[in-house]
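Going letter by letter, the sequence shown gives residues 1275 to 1446 in our numbering.
Written out below as structure tokens is the structure these notes cover.
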Amino acid sequence: MTVHHYIASAYELPTGSFGIKETMVPLSEILGQNKKKKSETKQSLNDHMIKVYETEEDSYGIGIKKLEPGYSNILNKFTNPFVYGLLCDEHPKAIRELFKYIDQNLIEYGKIELYSCLDGDENKEKDSTLDTIINLKTLYLGRNFKLDKKEYINQLGDMFRLEDKKFVIVIK
């Protein structure tokens, strides 16, 4: 089943893709079309652009998008009014990009909320045993794990996972 992730804030957040390093390249360049082929075929291949990544890591990042119609029943999970869909793989780089995004967009004394659930389970109760608080000011993950001041984004990328029915509050 599909797991959906959501992010919520007290104010509007920037939408789009973050952390992904892609290049758009004509398909003909990838296929190595020789110059003797019909110009019509070459032109149609040049018109078709594809995404290319130099490394696998370059393909990981996050996407923040407006909440899709039909998913408004997720709003009751949040105390923040601005709720967005979050596209985020479980790869450590994607999680690092998520926390870079949060760190850059979270105002002091503010909070950003995260929630994940299976498609169709938006009305089901959260699992309060999974609730987590991450304090970016004191650098604590939960109550007991102190994050390193210089490495906390990397640590979160290595340790943190978005889980079904997990509710996370990130404060600063």
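Backbone N, C-alpha and C fix where the C-beta goes; we use that ideal spot for every residue, glycine too.
- [ ] Give the range of the beta strand (DSSP E) segment to which Y1375 is assigned.
- [x] Note, Y1375: premise wrong, no beta strand (DSSP E); alpha helix (DSSP H) at P1366 to N1379.
### Message
Can you find the residues in the same chain that come closer than 6 Å, C-beta to C-beta, to Y1426, ignoring five residues on each side of it along the sequence?
### Response
L1413
Answer yes if the segment 1392 to 1403 comes into contact with the segment 1284 to 1299, meaning at least three C-beta pairs across the two stretches below 8 Å, and no otherwise. no
Discussion item. If the criterion is Cβ atoms closer than 8 Å, does the pair I1443 and E1364 meet it?
Written reply: no
Taking Cβ to Cβ, would you say Y1285 is nearer than 8 Å to G1359?
-> no
Are S1283 and F1356 closer than 8 Å when you measure CB to CB?
-> Yes. Within cutoff.
Report the rounded CA-to-CA distance for L1341 versus L1349, giving the unit in angstroms.
10 Å
Of the listed residues N1397, C1362, Y1327 and T1406, nearest to F1292 (C-alpha basis) = C1362
Limits of the alpha helix (DSSP H) - the one that G1431 falls within
Y1426 to M1433
**Within 8 Å, strictly: CB atoms of I1338 and T1289** = yes
I'd like to check one pair, N1409 with I1445: are the Cβ atoms closer than 8 Å? yes
Q.
Please state whether the Cβ-Cβ distance between D1438 and V1326 is less than 8 Å.
A. no
Option in G1416, K1367, I1304 and Q1378 with minimal Cα separation from L1287:
Q1378
E1387: first and last residue of the uninterrupted beta strand (DSSP E) it sits in
Annotation for E1387: the continuous beta strand (DSSP E) segment containing it runs K1385 to L1392.
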